[in-house]
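Numbering (UniProt numbering), first residue to last: 6 to 885. Working notes, beginning with the structure itself.
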Amino acid sequence: PRTIFLKDYQKPPFLIDETVLHFDLNEQGATVKSRLSVRRNPEAELTTSDLTLDGVDLELVSIAIDGVALSEGQYAVTEEGLKVIGVADTFLLECETLIKPQEITCLEGLYKSSSMFCTQCEAEGFRRITYYLDRPDVMSRFTTTITADKTLYPVLLSNGNEVERGDLESGRHFVRWEDPFRKPCYLFALVAGDLLNIDDQYVTASGRKVSLRMFVEPQNKDKCEHALSSLKASMKWDEDVYGREYDLDIFMIVAVDDFNMGAMENKGLNIFNSSCVLAKPDTATDSTYQRIEAIVAHEYFHNWSGNRVTCRDWFQLSLKEGFTVFRDAEFSADMNSRTVKRIEDVNLLRTAQFAEDSGPMSHPVRPSSFIEISNFYTLTIYEKGAEVVGMIHRLLGEELFRKGSDLYFERHDGQAVTTDDFVQAMQDASGKDLTQFKRWYDIAGTPVIDVDYQYDEQAQLFTLTLSQSCPSTEGDADEKPFHIPFTFALLDSNGCNIPLIQNDDAVFANAPTELVLDFVETEQTFKFQHIEKEPVPSLLRGFSAPVKVKNTFSRDQLLFLMMNETDGFNRWDAGQRLSADIIQSIAEDYMHGRALNVDARLVNAYRGLLVSKSIDKALLSKMLMLPTESYLIELADEANIEAIHHARNLVRDTLAEKLKIELLRCYQENTDVGAAYSADFNSIARRSLKNSALNILLSAGDSDALVLAEKQFVSATNMTDESAALIALVNSDFVSQRESALNTFYAKWKADPQVVEQWLSIQCTSAKSGTLEAVKRLMTHEAFDIKNPNKVRSVIGAFCNHNLINFHNLSGEGYQFLADNVIKLNKLNPQIASRLVTPLTRGKKFNQERQALMQAQLHRILSEENLSKDVYEVVSKSIK
Ligand code: HT7
Ligand code: ZN
């Protein structure tokens with residue numbers, strides 16, 4: 006397979022001003038007629054007499070230029086597209102192609118999901134619909150007519166505004182849509198089905214009425230309310246915070262069951278994976294509610310950051326994804342607890358993105374090459390990309406950042422641009438030099454910061470020395486420093502912030518108590534004066550940059566921070582660092598056959614938190630969760646999964662034993678009997694607290710907790726409590742109660758695909774031995790379907806990513822199981838196959854024996870015939 010390089014980018018040789026599409030949808034296939042107004046691009050570097058269009062798996066029926074059919078020799082069809090030989094400067098190109106949506110299992114282009122037709126065109130799916138210049142810098146005005154059987158497909162949707170509809174012969178009908186905004190073809194969408202619509206309305210800040218319309222299959226009509234209210238909140242937030250109004254008269258959302266990712270921001274017609282948009286309290290958990298709010302917002306925000314201003318090429322993907330994740334994270338923070346949102350995002354970044362950044366697929370936020378672009382919808386592009394935008398926000402401050410985003414949208418509205426254009430707008434609007442900052446876009450790897458500090462009591466001087474390095478895997482090797490915003494504070498012995506005076510002239514009373522330090526050198530010293538007593542430093546507050554800070558704190562300092570830190574994020578982080586340190590030393594002792602003890606200071610700290618009257622419940626609910634096994638693996642140089650698993654369980658069981666009374670009280674105090682479900686963050690925090698307490702107690706085999714869990718399981722009035730009770734039972738040693746709960750749950754919910762997905766993943770993540778056999782059995786169960794990505798994620802993905810003790814079993818069976826399924830899925834759905842293979846590419850963290858077992862499976866995959874570009878790229882880059 007061919008590698009594509011950013012350095013080879015050239016402007017498109019042709020442009021398409023108008024795109025007129027006509028779809029005839031039938032049970033045997035679909036006919037697509039296109040009429041493209043093409044003209045030579047006056048700005049193109051390359052002049053060519055031939056027009057080369059992209060096209061995959063299309064059957065060409067006819068082709069004409071300016072109304073004259075082309076004959077053989079005037080065009081050539083290849084594996085990758087169509088070449089029209091010797092074209093004029095301006096012309097009308099008409100093509101008719103046949104496609105088979107019913108046979109498409111890769112879920113790209115136009116495909117069928119249950120009884121509906123739908124599309125997924127990002128990144129390069131449009132070329133599976135018709136011959137086209139399938140690249141984001143070709144923006145065109147689209148008119149789309151859809152015809153289909155009226156009984157089977159009463160609803161026919163596309164982008165923009167509906168302009169015409171009518172009946173046709175033989176029980177068919179048509180609807181025509183016009184999108185007034187020029188757009189790249191990756192934002193094209195079509196949906197046809199027997200769908201029901203739930204309607205709402207939004208009045209924009211300028212008083213325009215926008216129809217909001219959600220289309221779902223009839224059985225889901227009571228699962229739309231949350232998505233619609235999240236949409237309205239997003240529309241309002243984007244007006245308030247970014248001054249951005251919606252621009253069409255209608256905004257549509259469609260839910261589909263078979264979808265490769267979470268959702269897609271097609272202009273005016275967002276398509277969602279059902280699991281990311283449908284919810285009602287008795288079927289969806291709190292985390293699903295929050296995920297829906299975030300994804301609905303994310304897709305909506307793309308209307309400006311992605312659609313109105315789009316990417317010049319796919320190397321710029323983070324231009325829209327990083328910025329939009331930053332925007333949706335800020336939205337979620339404003340709607341819920343800011344601290345909790347930050348904790349969740351950083352957790353994901355530090356476990357999964359850091360692992361990606363040190364793995365074989367490591368790449369910069371703006372990659373310089375790829376084989377298959379679908380492989381680059383990564384945590385680096387999305388989450389690290391959002392951190393990079395967040396750092397600009399931190400460096401500029403709220404007001405200048407807004408000036409920068411206003412300038413960006415104004416300057417580039419209707420254009421396809423680069424991450425450099427984004428940074429330039431921020432720089433021009435703020436006057437802040439961001440030249441060095443741009444390094445964040447170009448260099449892969451996670452910078453490491455060493456922190457050294459000294460206190461001179463006599464001089465009342467605190468000296469902080471920061472040094473940075475980056476074990477980069479891609480980018481230049483000259484090790485130039487990054488521009489890192491390092492948020493810093495000093496705490497006195499009562500946990501109060503101390504005024505930070507860097508310059509004697511500063512007026513003491515006005516001195517800030519928190520600073521964003523511009524850390525721009527390889528090594529840099531900062532001095533703080535008039536510090537009367539030895540302080541405790543508060544480092545990288547709020548995780549102000551995506552870096553690793555070498556832990557310099559003693560356990561006592563961490564305890565102090567865990568109990569006293571005023572920055573919520575750092576308070577949580579101190580607890581995580583302390584717990585991780587304790588688990589790591591127990592794991593060491595376990596490996597050396599030494600006696601195992603849990604440091605009593607940790608138990609006392611947790612007791613303190615549980616009895617505290619002042620701590621915020623949302624924060625407490627996060628502090629009660631021990632560092633995950635994935636994070637502990639990420640922290641290790643060479644991870645011993647058995648030792649980590651055992652040590653972590655020992656800490657959890659010790660907390661259960663020593664803090665039983667406090668945990669039971671926590672459970673009772675946070676249980677609401679008979680209250681109506683609410684997804685506000687306080688209610689979510691209380692449910693999370695109570696269910697964590699239950700889980701800790703039941704995992705340790707507590708029989709009082711068993712009674713509580715069984716009662717909660719049968720009497721729960723919402724899915725959060727019902728599934729939490731099931732999880733606690735499934736992870737306990739009470740075998741018969743566990744089996745009975747699983748059977749009851751399935752019998753009750755088997756008609757609801759989203760709940761069945763939860764039922765599957767709860768079983769597949771059970772740490773009990775024998776789970777792999779159970780997983781294999783589940784794959785023969787009526788509830789499983791390998792063609793459905795959600796089911797694949799709930800079973801294979803859940804087992805391989807979240808059941809580490811079983812997946813990494815030294816028999817190697819977990820690795821073989823994953824490879825078998827990657828091979829199977831490679832043929833059906835390459836995007837899903839290549840995402841699934843990730844755990845096999847993380848061998849670096851494990852010992853030689855496990856590495857060899859993983860490598861053997863990677864070699865087995867690579868030797869498969871007809872390996873997709875997607876799987877080939879990930880596997881070949883992972884082989885040593
Ligand atoms: N922009 C969307 C990306 C997406 C996608 C990419 C590749 C294959 C399938 C896909 N479905 C959606 C989603 C988003 O980030 O908003
Ligand atoms: Zn996105």
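Glycine included, each C-beta is placed from N, C-alpha and C at the ideal position. As the structure is a computational prediction, the values presented were derived from the model and not from experiment.
Cβ neighbour criterion (16 or more within 10 Å) applied to residue i
i: C126; result: buried
i: H864; result: exposed
i: residue 887; result: Any question about residue 887 goes unanswered here, given that the chain covers just 6 to 885.
i: N225; result: buried
i: L51; result: exposed
i: N508; result: exposed
i: S120; result: exposed
i: H597; result: exposed
i: T24; result: buried
i: P223; result: exposed
i: T152; result: buried
i: N852; result: exposed
i: G327; result: buried
Residue i beta carbon near ligand 1 (any heavy atom closer than 8 Å)
i: E870; result: no
i: F264; result: yes
i: Q836; result: yes
i: H368; result: no
i: E377; result: no
i: G267; result: yes
i: Q125; result: yes
i: E113; result: yes
Residue i beta carbon near ligand 2 (any heavy atom closer than 8 Å)
i: G130; result: no
i: V330; result: yes
i: K117; result: no
i: Y247; result: no
i: K325; result: yes
i: Y387; result: yes
i: H307; result: yes
i: E392; result: no
i: G273; result: no
i: H303; result: yes
i: G165; result: no
i: E270; result: yes
i: residue 887; result: Because the chain here runs from 6 to 885, residue 887 falls outside it and cannot be looked at.
DSSP state of residue i mapped onto helix, strand, coil
i: D564; result: Sequence inspection shows Leu at residue 564; the Asp mentioned does not correspond to that position. Residue state, collapsed to three classes: helix.
i: S119; result: coil
i: N502; result: strand
i: T725; result: helix
i: A464; result: coil
i: K663; result: helix
i: H178; result: strand
i: residue 887; result: A query on residue 887 cannot be resolved here, the shown segment of the chain reaching from 6 to 885 and no further.
i: F491; result: strand
i: F739; result: coil
i: V61; result: coil
i: D497; result: coil
i: R146; result: strand
i: K38; result: strand
i: N569; result: helix
Any non-hydrogen atom of ligand 3 within 8 Å of residue i CB
i: Y191; result: Within the structure as shown, ligand 3 is missing, the only ligands being ligand 1 and ligand 2.
Opposing strand residues paired with residue i [DSSP bridges]
i: D205; result: L217
i: S472; result: D455, E528
i: I68; result: C100
i: G198; result: V160
i: L56; result: V89
i: A605; result: According to DSSP, A605 bridges with nothing at all.
i: V314; result: S310
i: R170; result: V180
i: I151; result: F28, V180
i: A421; result: T315
i: N508; result: Answer is none; N508 lacks a bridge partner.
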